[in-house]
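First comes the structure, then the notes that go with it.
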Amino acid sequence: MKVADLALKLVPCTEPYWEFVRTLRMDERVAHGFIEKANITPEQQKKYMEIHWSAFFIALVDDVPAGYAGCVDGDIRACVHPDFQRRGVGVFLMREIMKRFPNGIARVKIDNKACQRMVAASGHVIHHLI
Ligand SMILES: CC(C)(COP(=O)(O)OP(=O)(O)OC[C@H]1O[C@@H](n2cnc3c(N)ncnc32)[C@H](O)[C@@H]1OP(=O)(O)O)[C@@H](O)C(=O)NCCC(=O)NCCS
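Residue numbers (our numbering): 453 to 582.
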């Protein structure tokens, strides 16, 4: 069932969310969607986020972190926690990130149907990869 609009909130990726982003990015259930494998230590994440935190946003569902999206060097990335997938959180994140980074590009793996549909549903242009 779709998350109700009222339950969905977008917040800046402040320090309390950095570990959420790191552990979700490294979750093996989402790894197939990304072009590169990630093995990020908490220290590496802190260093990275100290520079880029303002380019990331967190989707909250009833105040629980459900996913994130970011745009670094024009490259959009998004991820939704498996517990919250297929409920519209990804489209919400994409729409919000595109408002903030209208020239961002989503590079999508050709076999990543979920991401392709999310990008299409949010009205954004896809750049395919193999
Ligand atoms: C891609 C991802 C962010 C989508 O998040 P989500 O919250 O599940 O997406 P939504 O619920 O907003 O669904 C968006 C569209 O994708 C479709 N979709 C979602 N998951 C799907 C799946 N596993 N297979 C096929 N279609 C899927 C939905 O049906 C919907 O399409 P519709 O509007 O035509 O019905 C999520 O699957 C994810 O985190 N994947 C792993 C990481 C990843 O691939 N990130 C993208 C790389 S940048």
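Note that CB positions come from ideal geometry on N, CA and C, so glycine has one too.
- A Cβ-Cβ distance of about 12 Å is found for the pair M550 and M570, leaving them out of contact under the 8 Å criterion.
- Here H576 is buried: its Cβ has 16 or more other Cβ atoms, across all protein chains shown, within 10 Å.
- DSSP, reduced to helix, strand and coil, places A490 outside both helices and strands of the structure shown, so it counts as coil.
- Neighbourhood of ligand 1, defined by CB distance below 6 Å to any of its heavy atoms: V482, G485, F486, R529, A530, C531, V532, Q537, R538, R539, G540, V541, G542, V543, N564, K565, A566, C567, R569, M570, A573, in chain order.
- Counting along the chain, C567 sits inside the alpha helix (DSSP H) bounded by residues 565–573.
- DSSP, read as helix, strand or coil, puts R559 in strand.
- For R529, the three-state secondary structure derived from DSSP is strand.
- Per DSSP, L458 lies in no beta strand (DSSP E) segment and is marked neither H nor E.
- In the three-state reduction of the DSSP assignment, P464 falls in the strand class, which pools E and B.
- One alpha carbon belongs to K565, the other to C523, and they sit about 20 Å apart.
- When secondary structure is reduced to three states using DSSP, G540 falls in the coil class, being assigned neither helix nor strand.
- Exposed is the label assigned to L458, since fewer than 16 other Cβ atoms lie within 10 Å of its Cβ.
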